[in-house]
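Asker: Chains V and W, in that order, give the protein sequences. For reference, each letter of the first sequence is one residue, going 1 to 242 in full-length UniProt numbering. For reference, each letter of the second sequence is one residue, going 1 to 242 in full-length UniProt numbering. Every residue gets a Cβ at the ideal spot worked out from N, C-alpha and C, and that includes glycine.
Number of protein chains: 2
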Amino acid sequence: MDTIKDAHTHHISQQFNEELEGVKKSMLEMGGLVEKQVRDAIRSLINADVQLAELVRERDDLVNNMEITIDKECTQILAKRQPAASDLRLVLAVSKCISDLERIGDEASKIARLAIELSGQGDSQQGFVEIRHIGDEVSSMIQQSLTAFARLDVDSALKVAHEDRTVDMEYRSTVRELITYMMEDPRSISRVLNIIWALRALERVGDHAMNIGEYVIYLAKGLDVRHMDVEQVEDRLESVEK
Amino acid sequence: MDTIKDAHTHHISQQFNEELEGVKKSMLEMGGLVEKQVRDAIRSLINADVQLAELVRERDDLVNNMEITIDKECTQILAKRQPAASDLRLVLAVSKCISDLERIGDEASKIARLAIELSGQGDSQQGFVEIRHIGDEVSSMIQQSLTAFARLDVDSALKVAHEDRTVDMEYRSTVRELITYMMEDPRSISRVLNIIWALRALERVGDHAMNIGEYVIYLAKGLDVRHMDVEQVEDRLESVEK
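What follows is the structure, encoded as structure tokens:
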């Protein structure tokens, strides 16, 4: 009897592990898709590629569906498996993560909508260099935060938080410049505002990538570091290590 | 022995109920605070009341701490009580709700920051009527969605979704007007942009109130209606009722 029971326990536990790995893997896949969405949205804006922009907007449904599906899987694991400790943390972190990923998808879709508007507003490239630059930064922040999640890598998660601060500064200084430009050429206002909206969307993408980094710290260390400065987080982590 | 066991079970179950009621109550309290934050932020902007704006910004820490505390309580319930069915849905809905409430708090804090900037940018009241109007609408949407949550009232939750659509339309048409105004008076650009940011923050508040309405439907009907149009939601609910 014991052998059968062990085999059974083992089977359950292995299936449970597979379920946990499953939601984590799906979440990382969703992350890969939204990163692509952000990169494609930026490309569609810079190249005035309306077709690509429309593709990005269509694919947002896919992102939304992934959120619903993964969230359902998480709820089922909670109901059926009643996970504890680090397993519970993983399920909760995945559930929070997909919410940020979905919002990144929304921002990509917004940028694609702006790309379509901008394609009808003349050939000026004002602000494109900054969009490409900040866009590259936040896209790589998404990737880094997901890799950090996959590897439970706290240092990478902290790096994302530092990068988010750089992005915020660059965003603010670019907007200041664009406002000056609008004042000098009021006919450009509608167009430049669309550029500002796109930059703001990218800045928000950076915030969401940073949030994912925070869940990595929660997952690896059991510390909830939301709403802390990155220095405070580093202090807290140091005092935990001691 | 049975009596003791029953008493014990009853005790556990009553304590469990209290814990569930506890997180729900805390969430509603947090909701009351963020609604106040939004109303105060609008008031500080319209009256150029820098002191009130600073108070709103300080109180955002309180909102953030409530999110952390309630989320921790939710996690503890999941770990200790391993809730199922509607209890599990309640804990998960509370956990999602407080994340939207915290973001509403962020938007209020942003409006308060803009109020401080605007107080140094002259006496023009351009856009104030619209801020007050949309501000009143989204504040009452927060209240309605929370009352709907407390009462599991699906009809009220749907009403919030309808109102969000009105707010979105009003927001877009106001921004269009303000852009025209900026073009006519380029010296007003910095100031009017701050008004536009404040309106956008309010529009986001409306989105979050709508999200809370969606969790009410999840809680009451077990249906995940995120990313659906309000008409789709109504259709789904009708087919469930049948």
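With residue 247/V and residue 236/V assumed to form a contact (beta carbons below 8 Å), what rounded beta-carbon distance in angstroms separates them?
Answerer: As displayed, chain V neither begins before 1 nor continues past 242, which places residue 247/V out of reach and without an answer.
Asker: Please list the terminal residues of the continuous alpha helix (DSSP H) segment that includes residue 64/W.
Answerer: Residue 64/W -> alpha helix (DSSP H) spans 50 to 81.
Asker: Could you spell out the range, first to last residue, of the alpha helix (DSSP H) harbouring residue 227/V?
Answerer: Run containing residue 227/V: none; DSSP gives neither H nor E here.
Asker: Could you name the residues of the same chain whose beta carbon sits closer than 7 Å to that of residue 191/W, not counting the 5 residues immediately before and after it, in chain order?
Answerer: Correct list, in chain order: 118, 121, 122 and 124.
Asker: Give the residues from the segment 177 to 207 of chain V that approach chain W closer than 7 Å (Cβ to any Cβ), ordered along the chain.
Answerer: Hits within the stretch, in order: 179, 182, 183, 186, 189, 190 and 193.
Asker: Please look up how many angstroms separate the CB atoms of residue 142/V and residue 104/V, rounded, as I've assumed it's under 8 Å.
Answerer: Indeed they touch by this definition, with Cβ atoms about 7 Å apart.
Asker: How would you call residue 39/V, buried or exposed, if buried means at least 16 neighbouring beta carbons within 10 angstroms?
Answerer: Buried: at least 16 other Cβ atoms inside 10 Å.
Asker: To the nearest whole angstrom, what separates the beta carbons of residue 73/V and residue 23/V, a pair I think is in contact under 8 Å?
Answerer: The Cβ separation is near 5 Å, so the contact holds.
Asker: Going along the chain, which residues of the segment 141 to 171 of chain W sit with their C-beta nearer than 8 Å to a C-beta in chain V?
Answerer: The residues in question: there are none.
Asker: In three-state terms, what does DSSP make of residue 153/W?
Answerer: It is coil, neither helix nor strand.
Asker: If you measure beta-carbon to beta-carbon, which residues of the segment 68 to 88 of chain W are closer than 8 Å to chain V?
Answerer: Here the close residues are 68, 71, 72, 75, 78, 79, 82, 84, 85 and 88.
Asker: Quick one: is residue 219/V near chain W, going by C-beta distance under 8 Å?
Answerer: No, residue 219/V does not count as interfacial toward chain W.
Asker: Three-state secondary structure (DSSP) at residue 190/V?
Answerer: Helix, per DSSP.
Asker: How about residue 45/V and residue 138/V: are their beta carbons less than 8 Å apart?
Answerer: Their beta carbons are not under 8 Å apart, which means residue 45/V does not touch residue 138/V by this criterion.
Asker: Answer yes or no: does any C-beta atom of chain V fall closer than 8 Å to that of residue 113/W?
Answerer: No, residue 113/W lies away from the interface with chain V (no Cβ there is under 8 Å from its Cβ).
Asker: May I ask you to verify whether the segment 91 to 98 of chain W touches the segment 210 to 225 of chain W, counting CB pairs closer than 8 Å and requiring at least 3?
Answerer: Cβ pair count under 8 Å is three or more, so yes.
Asker: Excluding the five sequence neighbours on either side, which residues of its own chain have a C-beta within less than 6 Å of the C-beta of residue 31/V, listed in chain order?
Answerer: Same-chain partners within the cutoff: 101 and 146.
Asker: Give a yes or no on whether 8 Å exceeds the smallest Cβ distance from residue 64/V to chain W.
Answerer: So, interface residue.
Asker: In or out: residue 162/V buried (at least 16 other Cβ within 10 Å) or exposed?
Answerer: Classification of residue 162/V: exposed, given that the 10 Å Cβ count is below 16.
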